[in-house]
Amino acid sequence: MFKVAQLARTAAARGTRSYSGMFTNESYQASKEHARSAVETWKKISLFVALPACAIMGYVATKDELDHIHHLEHDPPQFVGYPYIHVRKRKFPYGDGEHTPFWNPLTNPDPEEE
0 MFKVAQLART AAARGTRSYS GMFTNESYQA SKEHARSAVE TWKKISLFVA LPACAIMGYV
60 ATKDELDHIH HLEHDPPQFV GYPYIHVRKR KFPYGDGEHT PFWNPLTNPD PEEE
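Just so you know, we're using numbering that gives the first Met the number 0 here: the sequence shown kicks off at 0 and counts up by one.
Below, the structure written as C-alpha cells:
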C-alpha cells in the first residue's frame with residue numbers, strides 16, 4: 000500500500016503518468032498480430048465447421064419433423080375425455096373461443112369431432 004502511494008506522489012509531482020514499460024511498441028505490435036491471427040482462426044472455424052454443422056443438423060431435424068407430420072396425417076391422436084381436459088368456464092377472447100392460439104388441428108384432438 001505504501002509503495003502505491005509513493006508511486007502516485009511521484010507521478011503527481013512529475014505531472015505525467017509513469018508506466019511500467021510493459022507495453023512497448025514491439026509488444027503492442029505482437030499483440031495486434033496475435034489478435035489478427037485469432038480473428039482469422041475463429042472466422043475459419045465459423046465458416047468451415049459451425050455453418051456446415053448447423054446445415055447438417057437442420058437437414059436432419061427437418062427430415063425427422065416431416066416424417067412425424069406424415070405419421071400424424073395417417074394416424075391422428077384420439078381425444079381422451081379426462082374430466083380435467085377441455086374445461087372451459089368462459090370462451091377465449093379470440094378466434095372461435097374454443098381453441099387456444101397454439102391449438103393445432105393436426106396434433107391436438109378436438110372433442111367436437113369425436
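Glycine included, C-beta positions come from ideal geometry on N, C-alpha and C.
Residue 143, DSSP secondary structure in three states: Outside the modelled stretch of the chain, which goes from 0 to 113, sits residue 143, for which no answer is possible.
Alpha helix (DSSP H) runs contained entirely in the segment 43–86, provided each spans 4 or more residues: DSSP assignment within the segment 43–86 yields the following whole alpha helix (DSSP H) runs of 4 residues or more, N-terminal first: 50–73.
C-alpha distance - residue 73 paired with residue 34, whole-angstrom precision: 57 Å
Alpha-carbon spacing of residue 67 relative to residue 108, whole angstroms: Between residue 67 and residue 108, the C-alpha separation is close to 16 Å.
Sufficient close CB pairs (3 or more, under 8 Å) joining the segment 40–50 to the segment 83–90: no
Beta-carbon proximity check, residue 104 vs residue 78, cutoff 8 Å: By the CB criterion at 8 Å, residue 104 and residue 78 fall outside the cutoff.
Residue 27 in three-state terms, based on DSSP: Correct three-state label for residue 27: helix.
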